[in-house]
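Here's the structure we're looking at; comments come further down.
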Ligand SMILES: [Zn+2]
Ligand SMILES: [Zn+2]
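Numbering (UniProt numbering), first residue to last: 1 to 126.
Take a look at the structure:
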């Protein structure tokens, strides 16, 4: 398996990323203990667009940490290493499913992580 030399985003992001829907600067938050839906992510910093929140989208922009970012992840449309994330309850994908997404909210990159990746990526030799 070849690991391509894709740039890795630096966290925490500075300045705050802009919302890709309305181009307004997003707001930094931390996952609170009150949100049981994402309890596993407690304390993680993230960005939300206050303008889009609950209007045209959930307002979600990005996490602001390196969790799930590995050099072996595919590049997103920004040309940087994507983030491997886990779907929460109530999402279209279903809770616990893994996917790749833009690491910093700069594009709409989305790719489901195939289950085979979890087991073995070695091709059998014939
Ligand atoms: Zn927005
Ligand atoms: Zn991107």
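Note that CB positions come from ideal geometry on N, CA and C, so glycine has one too.
Bear in mind the structure is a predicted one, so any value in this text is a computation, not a measurement.
Do you know offhand how far residue i's Cα is from residue j's?
| i | j | result |
| --- | --- | --- |
| residue 67 | residue 53 | 23 Å |
| residue 84 | residue 29 | 20 Å |
| residue 43 | residue 87 | 17 Å |
| residue 111 | residue 91 | 15 Å |
| residue 23 | residue 11 | 20 Å |
| residue 55 | residue 104 | 21 Å |
| residue 77 | residue 102 | 8 Å |
Return the Cβ separation of residue i and residue j in integer angstroms, given the expectation that the two are a contact with Cβ distance under 8 Å.
| i | j | result |
| --- | --- | --- |
| residue 61 | residue 8 | About 18 Å separates the two Cβ atoms, so there is no contact after all. |
Which term fits residue i, buried or exposed, when burial requires 16 or more other beta carbons within 10 angstroms of its beta carbon?
| i | result |
| --- | --- |
| residue 71 | exposed |
| residue 106 | buried |
| residue 64 | buried |
| residue 17 | buried |
| residue 127 | The requested residue 127 is not part of the displayed model; the chain covers only 1 to 126. |
| residue 14 | exposed |
| residue 82 | buried |
| residue 40 | exposed |
| residue 94 | exposed |
| residue 73 | buried |
Starting from residue i, trace the beta strand (DSSP E) both ways and give me its first and last residue.
| i | result |
| --- | --- |
| residue 85 | 83-86 |
| residue 27 | 27-30 |
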